[in-house]
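Letter 467 of the sequence shown, counting from 1, is numbered 662 in this note's numbering, and no numbers are missing.
Note that CB positions come from ideal geometry on N, CA and C, so glycine has one too.
Worksheet: the structure to be examined is printed underneath.
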Amino acid sequence: VALLLCSFALRLWRLDGKGLWWDESLSLWRAEQSLGVILSNHIAVPGSITTDQHPPLYFALLRGVLLVGGSSDWSLRFPSVVWATLLVVLLYLMGTRLRNPRTGLLSALFGACSPFLLWYAQEARMYTMVAALGLAVFYALWCAFVDHRWAWAVGAVVLAVAAVGTQYLFGLALPCALGVAICLWPRRANTSTPAATASRPVKRRFSVAVYVGAAVLLVALALAAAWVWRLLPTLAAGRQYIGLSEMLLDALNAFSLGLSVERAQIWPLLIVFGGVYVAGVVSLWRHPPPTTSSRRASRWAGLILVLGYVLAPIVGMWLLSLFVPIYMGSRYVLLSSPAFYLGLGLGVEALGRKRRWPAWVVGVVLLGAMGLSTYNYFYVPRYAVKEDHRAAARAIAVAERVGDGIIVTAPENVTVFEHYYWGRCPVIPLPARAMTGNPDPAELVRDLTEAIAPFDRVWLVHCRTEFSDPDNLVTQWLDTNLLLLQRRELPSWGSEVTLSAYQVQWPVQEYVEPPAGASEPVGEVGGVLALERYALRAHDVQGEVLQVSAVDQAEGRFLGETPPGAVIGVHLQWLVLQPLPNLRTSLRLVDEDGVIWSQSDADAYAYLPTSAWPVGASVRHEPDVRVLPGTPPGRYTLQLWVYGADDGQVKSYRERATGIETPWLNLGVVMVGG
């Protein structure tokens, strides 16, 4: 019980610490649909409808969880935690059946400490569920044929159907289940004894249950096989052939120390893990598990479970890969990992029979190595994030301003981005036709041109485009045709997310003489820049656009009810009077006592410094400042300071109408709401 509780606590620890990645977003999308859509196995990616390569049972159960607990990361991953914890119980029960309670406890201990199971216990996918269901199938078969209980036989069939309905690949493990059933099938005995006569009705019911269950399982397998046959043309997308030796090494590395280590650095430990597992297999051959079958049949039943259950899915996937590559990493063989932990438990128990202290040393080494990998999983930066859509969404939400739009490429990333995004900007997935792998460049240019037209600034969230935009045409076109304002890479263990911002309209334009009667420039900065006009924009509490211009401010109208957290965008139109040094601007939100409550200092443009602004040109410049959360309601002044980037010298502002010169330009009054 203590081990079970510790295992549960470990899997809950920092359960939502890592953001969702693409695979998990597919789980989220399916779980949020109706039951009919879930059962159809279809996924509506913006611009296309695809067929999921996993069956619907896990997603149907996840839908029920989300209806109760909401769609937070914690709720999405909690079912995986439960299944991984249940697997610890099953390892104890199965290990006890194979040898004794000590073996069961050791097997459960290795399963509880497994970094591989921890990794997928904290992922909203079906892998821990199919692993638990798979081991439950073998345990139910063992109980059914050893104890002659027809209810366990029915349970084994139900569990097998559920496992195939969770992951089609479990079908590769069913020959092992059949082998165990054949080995443990009750042999004929003397039928003339009173005990045998009394047990005939029980055995008859048991046989009927087994035959009916086998028929049901065959029907389920036939349906699953028919569905997989339909999926075959799509299985090769994004996959390549992996050799059998590489699959076996990948599985050994994953089962032993998980994914938060580098195989090349820990290969001696893999030899130790593999040696202990082989020792467990040998021990099972020499000392078959206690059953009512013959010693030979019992030996083969144990070997099929501990050895065959590990090898059959791997070899089966390799054979299928000779025709269609289907292997996508060790998560596909997690379903057979419980047999490996049973082998470890048997191996350590066998060592303990001969010499207790070597068994203790080996056990400590194995658990210590697992603990180191678990530490890496939680605390080493390389494994801190799988795909950082959460950071991208939050970065945009706190920095967005009026006139912004968001392009997400590839479109299949929209679900996970919108899961974290709480801002107000429109989110546009491009290419418009997703998952084709070959977007039409002319059509894409037209779509991009239409998409950016309504906006002053566009954010690009770029990640995992090998399916929809393998040549990165979206990024190339934006880099070529718009002004790049910033680019930030968000590294992760999986695919890197790149966040970029672009100015839609090229800021440098030829100066056009204003018509007669037009207002004069507002003022000059340091005698080198003339401010022709400006405007302030922000969202209010309801999301409506607030906007005031220099004329409005002069007439006493101000930017009102701007909530804390909102970004105030300033649209400045400069006329370059003289060659410029590199200048920076500083926007400051100042209260009536002169206290600065928010300040934003930045170059005018990261990739277009003021020293590159041509004399006589009209330049559009849009700095912004955020009203920080916690700013008290009241009346504030927005100041604009201009200073040298190299020397920090302030360029004074001279108002054109009055000739008054001040260190800063007063852009007007901003009212901060509650």
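Residue(s) in a DSSP beta bridge with residue i
i: Y848; result: V720 and T857
i: W654; result: I601 and A696
i: D798; result: R779
i: A303; result: The partner list for A303 (beta bridge, DSSP) is empty, contrary to what the question assumes.
i: Y838; result: R779 and V845
i: Q435; result: Q435 pairs with nothing; no bridge assigned.
i: P484; result: Per DSSP, none; premise fails for P484.
i: L784; result: S793 and L833
i: G547; result: In the DSSP output, where bridge partners are listed per residue, G547 has none listed.
i: R728; result: Q768
i: A812; result: E705
i: E684; result: T693
i: D747; result: The partner list for D747 (beta bridge, DSSP) is empty, contrary to what the question assumes.
Pick from the options that is closest to residue i, judged by C-alpha positions
i: E739; options: T610, V597, W555 and S267; result: V597
i: L655; options: E684, T631 and D666; result: E684
i: A368; options: D786, P716, V528 and T780; result: V528
i: I521; options: Y315, F612, I437 and R551; result: I437
i: Y472; options: L502, G829 and S568; result: L502
i: L205; options: D664, P250 and L312; result: L312
i: T857; options: G718, F518 and Y536; result: G718
i: S690; options: E661, L680, V703 and L678; result: E661
i: A279; options: E787, R258 and A307; result: A307
i: L680; options: W688, D666, P686 and V699; result: V699
i: L514; options: A446, P483, R550 and M442; result: M442
i: G242; options: R830, L625, A749 and D788; result: L625
i: H657; options: V640, F650, D651 and P686; result: P686
i: V771; options: Y363, V736, Q737 and G811; result: G811
i: D211; options: Y287, W314, P296 and R491; result: W314
i: L678; options: A840, P804, A358 and D842; result: P804
i: T826; options: I791, R728 and L262; result: I791
i: R659; options: V611, A646 and R652; result: V611
i: T569; options: D651, G511 and A449; result: A449
i: P665; options: N633, D747 and P649; result: N633
i: I763; options: P774, Y848 and V865; result: V865
i: L379; options: A492, W555, R830 and S309; result: A492
i: L271; options: G722, E318, A646 and F305; result: E318
Residue i and residue j closer than 9 angstroms at C-beta
i: A733; j: A696; result: no
i: W836; j: L782; result: yes
i: A331; j: L256; result: no
i: P759; j: P824; result: yes
i: A355; j: F365; result: yes
i: V325; j: M630; result: no
i: G299; j: G540; result: yes
i: S531; j: A507; result: yes
i: V476; j: G542; result: yes
i: R821; j: A799; result: no
i: I461; j: L452; result: yes
i: V283; j: L336; result: no
i: R682; j: T675; result: no
i: G360; j: P483; result: no
i: L726; j: Q768; result: yes
i: V276; j: A327; result: no
i: R505; j: A446; result: It should be pointed out that residue 505 corresponds to Val in this sequence rather than to Arg. Cβ distance < 9 angstroms, so V505 and A446 count as in contact.
i: T487; j: H343; result: yes
i: A372; j: F333; result: yes
i: G755; j: D735; result: yes
i: Q773; j: V723; result: yes
Short CB-CB distance (under 9 angstroms) between residue i and chain C
i: G503; result: The chain inventory of the structure shown lacks chain C, comprising one protein chain alone.
Closer than 8 angstroms: residue i CB and nearest the ligand FMN heavy atom
i: G751; result: Absent from the structure shown: the ligand FMN. Ligands present: none.
* Three or more C-beta pairs below 8 angstroms linking the segment 574–585 and the segment 214–224 -> yes
* Asked: Mind pulling the beta strand (DSSP E) runs of 3 or more residues that sit fully within the segment 205–274?
  -> 237–240 and 243–246
* To do: Count the C-beta pairs between the segment 459–468 and the segment 550–569 that are closer than 8 angstroms, then say yes if the count reaches three, no if not.
  => yes
* Does the segment 614–625 come within contact of the segment 586–604, defined as at least 3 CB pairs closer than 8 angstroms? -> yes
* **Three CB pairs or more closer than 8 angstroms across the segment 261–277 and the segment 218–227** => yes
* **Inter-stretch contact (C-beta, 8 angstroms, three-pair minimum) for the segment 655–674 and the segment 599–608** => yes
* Asked: Touching or not, the segment 300–309 and the segment 345–355, by the rule of three or more beta carbon pairs under 8 angstroms?
  -> no
* alpha helix (DSSP H) runs wholly inside the segment 272–348, at least 4 long, in chain order -> 296–308, 310–316 and 322–342
* Asked: Counting only runs that start and end within the segment 569–618, where is the beta strand (DSSP E) found for 3 or more residues in a row?
  -> 599–604
* **Every unbroken beta strand (DSSP E) within the segment 630–681, with a cutoff of 3 residues, ordered by chain** => 652–657
* Whole runs of the beta strand (DSSP E) within the segment 488–564, excluding any shorter than 3 residues -> none
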